[in-house]
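Chemist:
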Amino acid sequence: MADSASHTPRLFMRRLCPYCRRLMVYLDERELAIEIINFDPDQHGEQLDALNPRGTVPTYDTGHGLAFGESFIILQYLEETASDQRLLPTSPADRARMRLLYDLSDAQIGAPMRQFARAPLDDPARERHAALIGKLAHEALALLDERGRFALGGELSIADLSLPPLLYRVLEAGFEPERLPPRVRDWCAALLERPATRAQFPKVEL
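Residue numbers (numbering that gives the first Met the number 0): 0 to 205.
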């Protein structure tokens, strides 16, 4: 829900959140002008709660009475309302694979990603989290097209913003890239070659 007055679309985000950075990559690729609000609980807490009862970031406010969270939902909304929809997979099969990749990343890799990134370097649990991340990354292989370096072949799509941002976050936190299957590692490398992605993840090395 949002207030009834129209205003410029805005995105509430946190700078280091991989789900928020996923959206920043998309906005850069699309050259979309949206107001970015770096979330401060003291300054924006009540405002965010009014827009999104979950109080989570990212939250997107359309400026026309609709606001919602969840980065994949925001991505789909922005792409589906774009004039050309060039980053939206065209076939039902590719759209299904895209949704499965986001389910794998957000519903399955998300939790061990957060645990690994937050754990102290000397925490023995890091190895357990890393092993699970590596195992889940292997599950992506069945969903990736072998005809190119991107998720669905040779062209960038919003499917490419599923796993890579979460994997970049654990790589920033010390995850060893050798744990990733070669196809997934090359996928992440291909996306990092794009200026929009590198700008959000400047320290990631593969």
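Built from N, CA and C at the ideal position, the CB exists for glycine as well.
Quick check on DSSP: helix, strand or coil for R94?
Modeler: Along the sequence shown, read from residue 1 onward, the residue named residue 94 stands at position 95. R94: helix per DSSP, three-state reduction.
Chemist: Could I get the ranges of all uninterrupted beta strand (DSSP E) runs contained in the segment 34 to 89, with 3 residues as the minimum, in chain order?
Modeler: 34 to 37, 58 to 60 and 66 to 68
Chemist: Could you pull out every unbroken alpha helix (DSSP H) segment of at least 4 residues lying fully inside the segment 95 to 140, listed in chain order?
Modeler: 109 to 117 and 124 to 138
Chemist: Ignore the nearest five residues each way along the sequence and tell me which others in P111's own chain have a CB closer than 7 Å to its CB.
Modeler: Here the question's residue 111 lines up with position 112 in the sequence shown. Cβ neighbours of P111 beyond the five flanking positions: H128, L131 and I132.
Chemist: Across the segment 92 to 112 and the segment 159 to 174, are there enough close Cβ pairs to call them in contact, namely three or more that are closer than 8 Å?
Modeler: Contact holds: three or more Cβ-Cβ distances are below 8 Å.
Chemist: If you draw a straight line from the alpha carbon of L151 to that of A158, how long is it in whole angstroms?
Modeler: As a working note, residue 151 is residue 152 in the sequence shown. As a working note, residue 158 is residue 159 in the sequence shown. Those two C-alpha atoms are separated by around 7 Å.
Chemist: Can you give me the C-alpha to C-alpha distance between A95 and L74, rounded to a whole angstrom?
Modeler: Numbered from its first residue, the sequence shown carries residue 95 at position 96. Numbered from its first residue, the sequence shown carries residue 74 at position 75. Distance between the alpha carbons of A95 and L74: 15 Å.
Chemist: Just confirm the distance between the C-beta atoms of M12 and N37, as a whole number of angstroms; I'd bet it's less than 8 Å.
Modeler: Counting from 1 along the sequence shown, the entry for residue 12 is found at position 13. Counting from 1 along the sequence shown, the entry for residue 37 is found at position 38. Rounded, the Cβ-Cβ distance is 7 Å, consistent with contact.
Chemist: Looking only at C-alpha atoms, which of L47, R14 and P8 sits nearest to L211?
Modeler: Shown here, the chain extends from 0 to 205; a query on residue 211 therefore has no answer.
Chemist: Where F115 and L170 are concerned, what is the direct C-alpha to C-alpha distance, given to the nearest angstrom?
Modeler: In the sequence shown, the residue the question calls residue 115 occupies position 116. In the sequence shown, the residue the question calls residue 170 occupies position 171. Spanning the two alpha carbons is a distance of roughly 10 Å.
Chemist: Below 8 Å between beta carbons: does that hold for L77 and L155?
Modeler: Within the sequence shown, numbered from 1, the residue matching residue 77 stands at position 78. Within the sequence shown, numbered from 1, the residue matching residue 155 stands at position 156. No, the pair does not count as a contact, with Cβ atoms beyond the cut-off.
Chemist: What does a CB cutoff of less than 8 Å around L140 pick up in its chain, not counting 5 residues either side in sequence?
Modeler: For the purposes of this step, residue 140 is identified with residue 141 of the sequence shown, where counting begins at 1. Closer than 8 Å at Cβ, skipping near neighbours: P180, R182 and V183.
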